[in-house]
Structure formats: C-alpha cells, structure tokens
Amino acid sequence: MLAAVISLGSLGCFAAILLAMAARRFAVKVDPRQAALLDVLAGANCGACGYPGCSAYARALVAGTARPDLCRPGGPETLARIATILDIEVAPGEPQIAVVRCRGDRQQSRAKYDYQGLEDCRAAQKLAFGPKTCPGGCLGLGSCVQHCPFGALSINEQGLAEVDRDRCTGCGLCVSVCPRQVLALAPAGSHIHVQCNSPDAGRKVKNYCHVGCIGCRLCIKTAPECFVMEGFLAKVNYGHQKPTAMADAMERCPHHCIQDLAEPGEAAPHSPSVEERTS
Amino acid sequence: MKRRSFPGGTHPPQHKSATADTPSEICPLPPELVIPLAQHVGAPAVACVNAGQRVGRGQVVGKPNGFVSVPVHASTSGLVVAVESRPHPCGAELPAVILQPDGDDVWAEEYLTQSFHVLTTETMLERIREAGVVGMGGAAFPTHVKLDPPHGKTIDTAIVNAVECEPWVTADRRVLLEQRDKVLTGLEVLQKISGARQMWIGLEDNQTDVAALLAPHCKQRGVGIAIMPAKYPQGAERQIIYAITGRRVPTRGLPMDVGVLVQNVGTVAALTDAVTRARPLIERMVTISGPDVARPRNLRVRIGTPVAHLLKHCGLREEAAKVLLGGPMMGTAQHTLAVPVLRGTSGVLAFRRQDITAPAVGSCLRCGRCVAACPMHLLPTFIADYARRDALDLAERFAARNCIECGSCSFVCPAGIPLVQSIRYAKGAILARRRST
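Residue numbers (numbering that gives the first Met the number 0), protein chains in the order written: chain A, 0 to 278; chain B, 0 to 436.
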C-alpha cells in the first residue's frame, strides 16, 4: 500500500516537473493583445474580413497587416474596442445592411426558360446567362442563403431573396456570392431603396418584368439629388437623403421599384402580372 | 482496319435511323438570315457592311479581328437590313448582320476552279482563312490556326473525324456519302499542308456501309480506315486520337503536341471548296431530327438560317418543349427559336414534353458508374461534391479542369445528379479565381 502510494506519487511529481519545464521551455509567445482581440471580435468566424476565422484576423491585426474596420458583424462597438486594444484612432463607419435590389418575383417577371438543375444561382447563370429574361433579376436559387453565416437571408415563396434586417450584419458575403449583383450593401439607417438591378432601357425592362426601373427619371424630378441615374437605372444617393421628398418619389414611381423596406407589411398596389398582360 | 477504342464511355440509344439513309435536301432560303459575327472560337469578326447595302452571295460582311479569327460571309445575295444584336445560340444577344435574301442568290464574284497541286501552303492557308473555315464538329475553332502549328511542332498523323457519336445526328454521315470526292480531295489538301505521313478516316462500327464504299478510294490514296466500336464520346478529340494512334494528349496539351491533327469530315469538305475554288463556307449539313419532328432529315442549310424556319420546314408534331442545337449529349438547349444555324451547328433536335422528363434528383449512391463512364479518368461524383461545397482547391486537385464536359457521367447517374453542371461550374470558378489572383 505504502509502496504504491510512494512510487505513484513520485512518478506523478516527476511528470509534473517535466511538464512544468516543458511548458516554460516550449511556450509559444502570444501577444496578449491577440487574446484580447479574439474576445472582442464577433466570434462568428464568418470570413467577411477576408481572413480564415476570427483568430486569424486577430493575428493579422496584431501584426499590423489588416485594417481594423473589417469586422462587419461586430460593427462600431467592436471597432472601438479594437481601437482601444491596439491603441489607435479610428473613425467608425456607418453600419451597413444588405439590400435585395429586385422585386421581380415569379408573378411579376418573365422567365427565359424552365430551369432544371443545380440549386445554385452561379451554376444557373452559366446556362444561357440565367433562367430569367432580365439580366439583373434575382434568380432565387439561394446561393446567398447558403453563404450567409448569420441566417439573415431566405428565399420567399415567390422566389426572391429576402434580408432579415435584424440578423444582417452587413458582412457583404452575399454581395460577393451573387452572380448578378442583385444584393448590395446600403447604410443600415436608410429605409428607402431602389429595388431594381436591370441595366437596360425601359422598353426592354417592360418586357422583363412589371416592377423594374424603366429609367423615367420621375424620382429625380421629385426628389432632386436624393436619386442618381446610372445608365437607365435609378439609384438612391445615400449621402443625401430627404425623407419626405423621397417618400413622394416612392409614391410617384410608376413601377413601384422604390420601396420603403422598414414597412414590409404594406403591399404594393396591384399591377397586372406578365401573364395577364401578354394574354 | 483497326478496331480500338478508349476506356470509359457510355452507350446512349442512337436514334440515327430516322435520318441516316435519307438523302439530304436543300433548305429553302428563309425570309431573313441572321448572320452572327461571333461564330468561331477567338475574337468575333467586325462588321464591314451597313444597313441598306446590297451584298452578293459569299461577300465578306465581317472582317476577322486578330490571328485567331475568321471572316464572316453573306450566305446569299440580298439586302443588309440591319447590323444589330440578336439572340445567339450561346444564350446572349450578340451583334449579327441581318440579311434579307433577294432570291437571285448570285455570287459576289466569279470563282475559278483550280487544282490545289499548284498552290503553295501559304496560299492554301490564306484561302482557308478567307473562306472562314472553322471546325464544323461543334467547337468552331479556326482551321487555319490548327493547320499552322508553331515552330518545333510537326504533324505526322492526320485524322478525319467521321465518328459522329452523338445520338440522332447524321450530318457527317451524309457529308461522307454525298460529298465523297470533296472529302477525299480535302484529305489530300490536308496532307499537303500538314505534311502528315499517315492519314486516317475514323468511323464507328455502325457505319460499315460507308466504310465499304470508301475502302477502294482510300486504298488508292493510302488512307487508312479506322473502325471503332460505337461508344460515346468516341468522336471527342483525345478519345479518337487514343483509339487510332494509341497516343495520349497531355493534360494541358493539344493534339499537335503528340503530332496529330484531327479534322471533322464537314470541315474537310469545306476545305476543298476553300482551296480549289476559293469559295467561302456559307452552307452546312444540319440534321433536323428528334421525336417532335414530323419529317426528320438532313438539310443543306445556309449559315444564318433561323432555327424556327428549319423546324417549320420539317414540321413539328406539337409545340416543341425543348430544342437543342447540336446533339443531345453536348448540345445546348435554346430559349428562343430565333437563333440561327452557325458554322458549328451539326443538328437541330426538337423534343416533346413527354420526351424530356428529367429524373428526380437524389443522393449519390456511391455506385461509381460515373467513375467507370468518365473517358478522362476523373471522379465526377467527388468533383461535383466539392463544387457544390465551393471547395475549389479540392476540385482542382481532382483535376476538374480536365473534364471535357461530354456528359457521360450525368447520363449514367442513377440518382439523376447534374454532375456535369457542377463540374462545369467548378471549372469556371477555378478559372475566374486564377484570373483574379
């Protein structure tokens, strides 16, 4: 009994000493700031910063090879804490959110062909440039949904991508995945967006769908400077917003592609579907 | 006669009897020809005519733009109505010359008949280029580029590809039967230009009647006839080279790296017209077939004839649910019938709704049939899986880029998985990533 206790005890002590020596001798020197940074980062390992996970980003931050404002999920709070830890000065950018720039659902838009194949927008885009007549419309096969690390995206019953504003962190992964750039980042504080992504002239857009921007410029006439034209497509000038004028423009938009996304309950006035129109 | 093949491949039902033994007919001119400026691999031609201009048959309407490019010609005489974007078989709208035939069909200039023996190689290559000859098997690669290998590459074997392994399509067979002399002259031209010592005509064993007809002429010219078992994709370049010569084209290499030149039989016939008569390629053999076509047959079609015109001419049993350009294995489905026949269009196939029911997509059973069928020795199920998970590094390590997109794996998959589509996506994504870094 005693012999066993002594022999095992001494073995244990020997191993403990060995381990303690090894721990000291082979210790990996980690900058304490790296551990602190890892604590303040969002911890989603989303990869939106361009690094494989939060710890890699923390390492890059300490090494000084990464910009401090890349953690989109963390937002301004994380940025401020990163700045404190790294002892640098930063100006927080405005938080952003993903916006689906298309309202051309199954009813409103015209299909180019029946698509059977991989449930992936990028693969579908390779078949005659996508199954929708509109070259900019949401294909609704959910590549963005698959890639969103926060579960903020979904495809609704009508085959359009939808953003959950509460869950979206503005990381921008969906923007880089979408083969048609239907998704775009916009300031999270803005509610009014142009929900169309078609670059073509009105004559063509009318053929594609019933809710596309036809480039009539009515919004610009109603709310100058709040909107800008890019080719035949109106865009919100997010740097210069006047809520009342923009609400007017929203009312006057003939194809209802300017939408207030903060009030989703209100449905757009009925417009005839493509089927009704062509028959 | 040799009888060799390649490992892998599949045996899709052939459906060739509908058109194989009916002599071809001339397709009447459509009310409007749509002649795209991009009909070949390489830089598209640049339009050199304007709306309102009258052109003769065979007149150049698009000038080549660079070395890997060929001119585009008016397929008949008439009035240029417009130069504008029109639906192209690739799915996009691309610039095309719209021609209204005047019905006279007069050549723009007199073309002399000249023996090719007096011509130099340079003159012949120049004529081939000016005639706009491209690979008519489907790839539409400019022939003058293929015939003019860079220094240090010598060609010792030339193969005329008459395998036509795609089901339904019989255009190459009709060319071989009806334009035999042109093909044989083309062979001699090919031999003179390339300096090949060995010449082969490759056929599948369902074409032994053609082989028997050709045999005496080929023997006289020292051309071998290689009969290969009917198996898909026997007509693919690497597969036919391996079957006939036993040589393997390197992964990123070209047939010229192993001293071989492969030309489609239609191209060889077009080559004869280009060299001996300086006539441009404005017409080709097209198989109009499929279960929805009332009177399936081969037509000699002017380039630029809209598909709708061909289907109207041959009659449809009911409204087509799917129309393919090319064969059913590698052809492309069209979303509009306004697309024209191009130089590389071998067939127009129409299917009814009941012919095209796609199998329900299930999960991979790990049965390995795609692996056995792949003629490129790839593991399609693995690559497709990596593609779906965006694991591009793994897809690349499993040689996704070697895929020739023949469709054998998708065809044999009992779970109906769109394997080729996944692999094609991976190939595109790998290339895009390579370009961006």
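Think of the CB as a built atom: it goes at the ideal place given N, C-alpha and C, for glycine as much as any other residue. No experiment lies behind these values; they were computed from the predicted model shown.
Would the beta-carbon of residue i fall within 8 Å of that of residue j?
i: residue 200 of chain B; j: residue 239 of chain B; result: no
i: residue 237 of chain A; j: residue 197 of chain A; result: no
i: residue 148 of chain A; j: residue 138 of chain A; result: no
i: residue 355 of chain B; j: residue 320 of chain B; result: yes
i: residue 398 of chain B; j: residue 425 of chain B; result: no
i: residue 305 of chain B; j: residue 338 of chain B; result: yes
i: residue 65 of chain A; j: residue 56 of chain A; result: yes
i: residue 235 of chain B; j: residue 6 of chain B; result: no
i: residue 257 of chain A; j: residue 193 of chain A; result: yes
i: residue 309 of chain B; j: residue 89 of chain B; result: no
i: residue 105 of chain B; j: residue 56 of chain B; result: yes
i: residue 164 of chain B; j: residue 206 of chain B; result: no
i: residue 59 of chain A; j: residue 50 of chain A; result: yes
i: residue 117 of chain A; j: residue 148 of chain B; result: no
i: residue 415 of chain B; j: residue 359 of chain B; result: yes
i: residue 429 of chain B; j: residue 400 of chain B; result: yes
i: residue 222 of chain B; j: residue 175 of chain B; result: no
Between residue i and residue j, which are expected to be in contact by the criterion C-beta below 8 Å, what is the C-beta distance as a whole number of angstroms?
i: residue 48 of chain B; j: residue 60 of chain B; result: 5 Å
i: residue 65 of chain B; j: residue 95 of chain B; result: About 19 Å; that fails the 8 Å criterion.
i: residue 72 of chain A; j: residue 90 of chain A; result: 19 Å between Cβ atoms; not a contact.
i: residue 262 of chain B; j: residue 189 of chain B; result: 6 Å
i: residue 108 of chain A; j: residue 133 of chain A; result: 6 Å
i: residue 367 of chain B; j: residue 345 of chain B; result: That pair is no contact at about 32 Å.
i: residue 35 of chain A; j: residue 84 of chain A; result: 5 Å
i: residue 221 of chain A; j: residue 244 of chain A; result: 7 Å
i: residue 76 of chain B; j: residue 282 of chain B; result: At roughly 14 Å, the Cβ-Cβ gap does not stay under 8 Å, so residue 76 of chain B and residue 282 of chain B are not in contact.
i: residue 224 of chain A; j: residue 239 of chain A; result: 5 Å
Cα-Cα, which of the options is closest to residue i?
i: residue 72 of chain B; options: B/341, B/403, B/381 and B/407; result: B/341
i: residue 183 of chain A; options: A/244, A/260 and A/98; result: A/98
i: residue 302 of chain B; options: B/97, B/64 and B/15; result: B/97
i: residue 210 of chain A; options: A/83, A/31 and A/249; result: A/249
i: residue 13 of chain B; options: B/289, B/27 and B/428; result: B/289
i: residue 146 of chain B; options: B/101, B/194 and B/99; result: B/194
i: residue 158 of chain A; options: A/167, A/120 and A/171; result: A/120
i: residue 204 of chain B; options: B/148, B/343, B/4 and B/412; result: B/4
i: residue 264 of chain B; options: B/252, B/256, B/180 and B/359; result: B/180
i: residue 307 of chain B; options: B/351, B/20 and B/32; result: B/32
i: residue 9 of chain B; options: B/209, B/430, B/421 and B/406; result: B/406
i: residue 45 of chain A; options: A/173, A/205 and A/216; result: A/173
i: residue 315 of chain B; options: B/347, B/331, B/334 and B/332; result: B/347
i: residue 283 of chain A; options: A/181, A/187 and A/123; result: Outside the displayed span of chain A (0 to 278) sits residue 283 of chain A, for which this structure offers no information.
i: residue 252 of chain B; options: B/211, B/152 and B/196; result: B/152
i: residue 86 of chain B; options: B/336, B/170, B/20 and B/423; result: B/336
Within its chain, find whatever has a CB closer than 8 Å to the CB of residue i; leave out the 5 residues flanking it on each side and keep chain order.
i: residue 23 of chain B; result: 173, 177, 284, 296, 297, 298 and 299
i: residue 144 of chain A; result: 152, 153, 154 and 160
i: residue 84 of chain B; result: 92, 93, 94 and 95
i: residue 220 of chain B; result: 183, 186, 187 and 198
i: residue 119 of chain B; result: none
i: residue 386 of chain B; result: 394, 399, 421, 422, 424, 425 and 428
Starting from the C-beta of residue i, find all residues in its chain whose C-beta is less than 7 Å away, skip the five residues before and the five after it, and write them out in chain order.
i: residue 11 of chain B; result: 166, 231, 328 and 410
i: residue 244 of chain B; result: 156 and 259
i: residue 3 of chain A; result: none
i: residue 123 of chain B; result: 115, 188, 192 and 274
i: residue 50 of chain B; result: 79, 80, 81 and 82
i: residue 254 of chain B; result: 236, 240, 248, 260 and 261
i: residue 381 of chain B; result: 397
i: residue 266 of chain A; result: Model confidence at residue 266 of chain A stands at a pLDDT of 45, short of 50, so the residue's coordinates are unreliable and nothing is read from them.
i: residue 246 of chain B; result: 240, 257 and 259
Residues in its own chain within less than 6 Å of residue i by CB, not counting five upstream and five downstream?
i: residue 39 of chain B; result: 69, 133, 139 and 141
i: residue 292 of chain B; result: 313 and 349
i: residue 200 of chain A; result: 231
i: residue 271 of chain A; result: With a pLDDT of 45 at residue 271 of chain A, under the threshold of 50, the modelled position of that residue is not reliable, and the figure given next carries that caveat. The answer is none, since no qualifying residue turns up.
i: residue 1 of chain B; result: Only weak support is given to the placement of residue 1 of chain B: the predicted model assigns it a pLDDT of 47, under 50, and the value that follows is read from those uncertain coordinates. Excluding sequence neighbours, residue 1 of chain B sits near 225.
i: residue 278 of chain B; result: 110 and 272
i: residue 54 of chain A; result: 37
i: residue 77 of chain A; result: 39 and 70
Q: Quick one: which residues of the stretch 113–127 of chain A get their C-beta closer than 8 Å to a C-beta of chain B? List them in chain order.
A: 115, 116, 117, 119, 121, 122, 125, 126 and 127
Q: Below 8 Å between beta carbons is the criterion; list the residues of the stretch 208–237 of chain A that meet it against any residue of chain B, in chain order.
A: none
Q: Would you list, in chain order, the members of the stretch 413–424 of chain B that have their beta-carbon closer than 8 Å to a beta-carbon of chain A?
A: 417, 420, 421, 423 and 424
Q. Listed in chain order, which residues of the stretch 98–111 of chain A have Cβ atoms closer than 8 Å to some Cβ of chain B?
A. 111
Q: Report the residues of the stretch 333–352 of chain B with a CB closer than 7 Å to any CB of chain A, ordered along the chain.
A: 334
Q.
Short of 8 Å Cβ to Cβ, which residues in the stretch 84–106 of chain B face chain A?
A. 89, 90 and 91
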